Amino acid sequence: MSSPSCARPDPLPAAQAPRDRNIAFLILCHTDAPHVRRLALRLAGMGSDCAVFVHVDAKSAERVAIGQALEGIAGVRQVDPLPVWWGGFSAVKATCRLLEAARQAGPFRRYVLLQGADYPIKPDAQIRAFFEQHAATEFIRAGNVSTATSLEAYAKARYVLFYDRPRLLKKIWNKLTRVLDLRIRAPRFTVGTESWDFHWGCAQWALTDACVRHLLERSGDPALQAVFRHVFPADEVYFHTLVFNSGFAANTTRRCAESAQGRTLTDFLNLVYFEYPDRVRVFEHAALALLLERSELFARKMNTAQSSSLLEALDALHASGSACPAADELLRASAPASGGR
Numbered sequence: 001m002s003s004p005s006c007a008r009p010d011p012l013p014a015a016q017a018p019r020d021r022n023i024a025f026l027i028l029c030h031t032d033a034p035h036v037r038r039l040a041l042r043l044a045g046m047g048s049d050c051a052v053f054v055h056v057d058a059k060s061a062e063r064v065a066i067g068q069a070l071e072g073i074a075g076v077r078q079v080d081p082l083p084v085w086w087g088g089f090s091a092v093k094a095t096c097r098l099l100e101a102a103r104q105a106g107p108f109r110r111y112v113l114l115q116g117a118d119y120p121i122k123p124d125a126q127i128r129a130f131f132e133q134h135a136a137t138e139f140i141r142a143g144n145v146s147t148a149t150s151l152e153a154y155a156k157a158r159y160v161l162f163y164d165r166p167r168l169l170k171k172i173w174n175k176l177t178r179v180l181d182l183r184i185r186a187p188r189f190t191v192g193t194e195s196w197d198f199h200w201g202c203a204q205w206a207l208t209d210a211c212v213r214h215l216l217e218r219s220g221d222p223a224l225q226a227v228f229r230h231v232f233p234a235d236e237v238y239f240h241t242l243v244f245n246s247g248f249a250a251n252t253t254r255r256c257a258e259s260a261q262g263r264t265l266t267d268f269l270n271l272v273y274f275e276y277p278d279r280v281r282v283f284e285h286a287a288l289a290l291l292l293e294r295s296e297l298f299a300r301k302m303n304t305a306q307s308s309s310l311l312e313a314l315d316a317l318h319a320s321g322s323a324c325p326a327a328d329e330l331l332r333a334s335a336p337a338s339g340g341r
């Protein structure tokens, strides 16, 4: 059977929104305890029907400090930590652990995945209203890397790489794979009777309970784990591939996958704004006007050392209820492009 079409006519129906829980914010972090605390306080303060779930990298030197910084914050829960390596499948496992904890405590209407260097740039009421107005939308974007011919795109589908527990031999293999362009995998893989394409996008997303349930039902599949264990970066490919090879693709921000040909990660901005010229920019106070004009709900990166005055200004403005551009601009600007796949 061929890969599912982006115009699939039978999307899975959105589940009835649970009435007793609204938004579960999921945070993956490993450093900067003061900022993680600030982020958790801000998110937990959005209402008693919201909750924050935090995963701290088990091998982080700041794990204890972050845990202590989060103690006593109402609505914030820490999940049992796993060691996480950048780009490895371990990040997928940690994210699934957050999703499982949130569903057990909920279920919630919405699950918003963030990282520890992120922060809201919209008032709480505007964030809540946005998700209420778009209750059935899966806020995730992705490019089809199986059909791409540019190296940076097809490498995410065809290379076999080792990023968890990196050791010398693994690093040598990763280097040789790139230098020699070792396209070991086929561009597609089979799940049951379907041929699936790999998809890639930003690690942060905001999904409905029905979609999260679908992801968790798949999370224990050893065949799928074997496919993604050596994909890089796993957390930017695994969830996107599962969503865009399902009926939920028709409910996503652009309602189907996009082309990945010649594109970079910032071409798939979703609800989190960031800049990535050669490394992700850390926003300082001078970026305040820029961030207030953005239509996204969140931004990254921010940290205590460089962003404190910016964060204080954002909190002060949002506490006063100052209006910001509506995030609905994202939807108006994201009508499905023809020939996206």
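One point on numbering: in the numbering used here, the residue at position 172 of the sequence shown is 172, and numbering is uninterrupted.
Every residue gets a Cβ at the ideal spot worked out from N, C-alpha and C, and that includes glycine.
In this text the structure is predicted, and so the values were computed from the model without any measurement.
Output needed for residue i: all residues of its chain with C-beta closer than 7 Å, excluding positions within five of it in sequence on either side, in chain order.
i           : result
residue 287 : 310
residue 137 : 251, 253
residue 321 : 123
residue 241 : 196, 198, 199
residue 94  : 28, 55, 82, 84
I'd like to check one pair, residue j with residue i: are the Cβ atoms closer than 9 Å?
i           : j           : result
residue 169 : residue 114 : no
residue 53  : residue 140 : no
residue 343 : residue 120 : Nothing about residue 343 can be reported from this structure: the residues present for the chain run from 1 to 341 only.
residue 202 : residue 248 : no
residue 243 : residue 156 : no
residue 260 : residue 143 : yes
residue 109 : residue 130 : no
residue 229 : residue 164 : yes
residue 36  : residue 69  : yes
residue 206 : residue 291 : no
residue 21  : residue 44  : no
residue 185 : residue 158 : yes
residue 79  : residue 61  : no
residue 135 : residue 190 : no
residue 128 : residue 46  : yes
residue 264 : residue 32  : no
residue 40  : residue 111 : no
From residue i to residue j, what does the alpha carbon distance come to, in whole angstroms?
i           : j           : result
residue 67  : residue 147 : 43 Å
residue 196 : residue 313 : 46 Å
residue 267 : residue 258 : 10 Å
residue 90  : residue 284 : 31 Å
residue 106 : residue 77  : 13 Å
residue 175 : residue 181 : 10 Å
residue 152 : residue 74  : 43 Å
residue 199 : residue 220 : 20 Å
residue 48  : residue 289 : 31 Å
residue 192 : residue 96  : 22 Å
residue 296 : residue 126 : 11 Å
residue 188 : residue 293 : 40 Å
residue 84  : residue 55  : 10 Å
residue 308 : residue 28  : 20 Å
residue 42  : residue 99  : 20 Å
residue 227 : residue 82  : 21 Å
residue 218 : residue 133 : 28 Å
residue 38  : residue 72  : 13 Å
residue 222 : residue 306 : 42 Å
residue 225 : residue 245 : 16 Å
residue 30  : residue 204 : 16 Å
Give me, in chain order, the residues of the same chain whose beta-carbon lies closer than 6 Å to that of residue i; leave out the 5 immediate sequence neighbours on both sides.
i           : result
residue 301 : 117, 280, 282
residue 262 : 150
residue 318 : 123
residue 92  : 234, 235, 238
So is residue i buried or exposed if we call it buried at 16+ other beta carbons inside 10 Å?
i           : result
residue 269 : buried
residue 172 : exposed
residue 87  : buried
residue 273 : buried
residue 64  : exposed
residue 179 : exposed
residue 276 : exposed
residue 316 : exposed
residue 216 : exposed
Below 8 Å on the Cβ atoms is my guess for residue i versus residue j; work out the distance and round it to an integer in Å.
i           : j           : result
residue 149 : residue 161 : So it is not a contact: roughly 19 Å between Cβ atoms.
Looking at the C-beta of residue i, does it have a partner C-beta in chain B at a distance below 9 Å?
i          : result
residue 43 : Of the protein chains in this structure there is only one, and it is not chain B.
Would you say the beta carbon of residue i is closer than 8 Å to some non-hydrogen atom of the ligand MG?
i           : result
residue 292 : Questions concerning the ligand MG fall outside what the structure shown contains, since it holds no ligand whatsoever.
Excluding five sequence neighbours on each side, which residues of the same chain lie with their C-beta closer than 8 Å to the C-beta of residue i?
i           : result
residue 154 : 145, 146, 148, 183, 187
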